[in-house]
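Engineer:
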Amino acid sequence: MSTAAWDEFTLKAGDALYIPRGLLHEGATENSHSLHITLGIYSYTWADLAGEAVARAESADALLRRSVISASPSTVDDDLHELLARLSPHMTALATREPRVPAHQANLRRGRFRALVEPSPMSLTTAVRISKGVAAQLEQRSSEVVLHFGAKSIAFPLYVCPSLEILLHAGLITGQDLAANLDDEGRLTLLRRLLSEGVVELGVMDGPTQ
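Take 265 as the starting number for the sequence shown in my numbering and just add one per residue.
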């Protein structure tokens, strides 16, 4: 058994703790629900940029796929300068590219944690809708349907596809509005899963569903 020194801290709301990379740690709650967020800081270096530029250029430029051993010792400097010149446009394109994450996806969906630890009762008359800010789409495969949203994907049996299509296009609905090929328990199971994943949120019906 390891006899290495260890420390124990109780963090209160708003506290932050810096943990150096490689330091083993674990977290546990006391007598209530708790949420902690771990932030990792990764610096994108010039070496990273150069490596990504080489990988991108390799597929488009046959010169980069030529064996180094075939180069003449008397021309290796010229060859190297030519290669660097060919890489320059790729590095510039990468350094000035658009942010990979659209700005609208930076808007946090609030209330997710409370929905998980204090779930509202779900019944076939509970109104739900696709959560604000969620861009979801379906991909049908041979034996399953995959729901893509944000950076996540969930695979469902193919027979769930009609109900998912209703959810994606019908606006505010209840479990009673889902496809008839799902029984009541199946409809509730689907809605609870989507609610826990943040795909749908609870709503309020102004009147009877269509």
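A virtual CB, placed ideally from N, CA and C, is assigned to each residue, including glycine.
On a CA-only basis, which of ALA434, VAL468, LEU436, SER427 is nearest THR453? Give me that one, please.
Structural biologist: SER427
Engineer: What are the partner residues of LYS416, as DSSP defines its beta bridges?
Structural biologist: PHE413
Engineer: Once you ignore the five residues that flank SER407 on each side, which residues in its own chain have a CB closer than 7 angstroms to its CB?
Structural biologist: LEU422
Engineer: Could you tell me which of SER352, ASP342, VAL340, VAL332 sits nearest to TRP310, measuring between CA atoms?
Structural biologist: SER352
Engineer: When you compare only the Cα positions, how much space is there between LEU344 and GLY304?
Structural biologist: 37 angstroms
Engineer: So what does LEU275 bridge to, in DSSP terms?
Structural biologist: Answer is none; LEU275 lacks a bridge partner.
Engineer: Just confirm the distance between the C-beta atoms of HIS412 and GLN404, as a whole number of angstroms; I'd bet it's less than 8 angstroms.
Structural biologist: That belief does not hold up - the Cβ atoms of HIS412 and GLN404 are roughly 12 angstroms apart, past 8 angstroms.
Engineer: Compare the beta carbon distance of LEU281 and LEU288 with 8 angstroms and say whether it is the shorter of the two.
Structural biologist: The Cβ atoms of LEU281 and LEU288 do not sit closer than 8 angstroms to each other.
Engineer: Would you say VAL318 touches the ligand SAH, meaning its beta carbon is less than 7 angstroms from a heavy atom?
Structural biologist: As for the ligand SAH, it is missing from this structure, which has no ligand bound.
Engineer: Using 8 angstroms as the Cβ pair cut-off and three pairs as the minimum, do the region 433-452 and the region 388-395 touch?
Structural biologist: yes
Engineer: Below 7 angstroms CB to CB, which residues in the same chain sit around ALA367 once its five sequence neighbours on both sides are set aside?
Structural biologist: Any answer about ALA367 is weak, because its pLDDT of 46 lies below 50 and its placement is not dependable; what the coordinates show is given next. Contacts found: none.
Engineer: Where does the unbroken beta strand (DSSP E) through ARG393 begin, and where does it stop?
Structural biologist: From DSSP, the beta strand (DSSP E) with ARG393 extends over 392-394.
Engineer: For SER394, which option in LYS416, ALA357, LEU455 has the closest C-alpha, if you only look at C-alpha atoms?
Structural biologist: Correcting the residue type first, residue 394 is Ile in the shown sequence and not Ser. Checking every option, the nearest Cα to that of ILE394 belongs to LEU455.
Engineer: Pull up the distance between the alpha-carbon of GLU322 and that of ALA415, whole angstroms please.
Structural biologist: 28 angstroms
Engineer: Looking at HIS300 and LEU286, is the spacing between their C-beta atoms short of 8 angstroms?
Structural biologist: Leu is not the amino acid found at residue 286; the sequence shown has Gly there. No, these two residues do not count as a Cβ contact at 8 angstroms.
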